[in-house]
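Each remark here refers to the structure printed beneath this line.
Structural data, given as structure tokens:
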């Protein structure tokens, strides 16, 4: 079986070269050619799995590690990340989401100082990053064509991506809310809202590491990476709890200090929007936890 793996690899290379030649000769065949290449790659992976089983049998019967076992695991990880860059794209998307939300503190400061020109500039920048995140989301979906073999279910990845992208959408919602009307917020309350925003953002700084550890476990079955990912999930959940707890404290202060109904509604709505950031972060972490569940 192991010897046949080399033959399968050779057939894969030959078939892909033939398909590429056909695609070069006729531009109309590019789309179907890509589908055929995916089929060839997936068939080759069947051969890889058969080889893994054969090596496992050798290990069980002879009590020795199959040749190049550790190297093959490393090679498999590199191949999957190269041919299926979905996890790398998810990580880049998470970074863009964090960039969006981190700039909200600047927007709040500009709002509070009535620097509306500055607020508009920050808003445009955040919206540009949010659009880039949307494009990244489309790229991720584009790297998951039908028929490709994945270490997790496609719908799980899509749910995760949707929840992670919702965080960037919240940043845009907060900007829209700030742009509707200016209301003077008492200095002490404004400081509390700033602190709440910072606490809400804390949960997002762990997302990139969560994707790294989860991807490593899903590809190589590294149990240590799975444990690290689970620990990050717990950290994100705790960050959400702390933000929610502090948010309730801020709401009590708002009710005790604000009497004007419009101002009361406006500030409470702003607080709820900010609290939706760690809420979506927790949902994102829970979805990743489900993907790495045994």
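Residue numbers (the numbering used here): 338 to 631. C-beta atoms are modelled at their ideal positions from N, C-alpha and C, and glycine is treated no differently. Nothing here was measured: the structure is a model prediction, and the numbers come from that model.
{"Item": "Integer-rounded CB distance, given that residue 533 should sit under 8 Å from residue 584", "Value": "6 Å"}
{"Item": "Integer-rounded CB distance, given that residue 503 should sit under 8 Å from residue 617", "Value": "5 Å"}
{"Item": "Collapsed DSSP secondary structure at residue 349 in the structure displayed", "Value": "helix"}
{"Item": "Where residue 338 falls, given that 16 or more other Cβ within 10 Å makes a residue buried", "Value": "exposed"}
{"Item": "Given 8 Å, three or more beta-carbon pairs between the segment 422 to 429 and the segment 463 to 478", "Value": "yes"}
{"Item": "Three-way DSSP call (helix, strand, coil) for residue 369 in this model", "Value": "helix"}
{"Item": "First and last residue of the uninterrupted alpha helix (DSSP H) at residue 543", "Value": "Residue 543 -> no alpha helix (DSSP H), and no H or E assigned at all."}
{"Item": "Top-ranked residue by Cα proximity to residue 640, from 469, 342, 470, 441", "Value": "This structure leaves residue 640 out entirely; the chain is present only between 338 and 631."}
{"Item": "Spatial distance of residue 510 from residue 369 (CA atoms)", "Value": "41 Å"}
{"Item": "Boundaries (first-last residue) of the alpha helix (DSSP H) holding residue 338", "Value": "Neither: residue 338 is in no alpha helix (DSSP H) and is coded neither H nor E."}
{"Item": "Beta carbon proximity, residue 579 to chain D, threshold 7 Å", "Value": "Protein chain content of the structure displayed is limited to a single chain, and chain D is not contained in it."}
{"Item": "Simplified DSSP state of residue 489, which is helix, strand or coil", "Value": "coil"}
{"Item": "Range of the contiguous alpha helix (DSSP H) that encloses residue 476", "Value": "453 to 479"}
{"Item": "Short Cβ contact (7 Å threshold) for residue 546 with residue 569", "Value": "yes"}
{"Item": "3-residue-minimum beta strand (DSSP E) runs that sit fully inside the segment 586 to 629, ordered along the chain", "Value": "none"}
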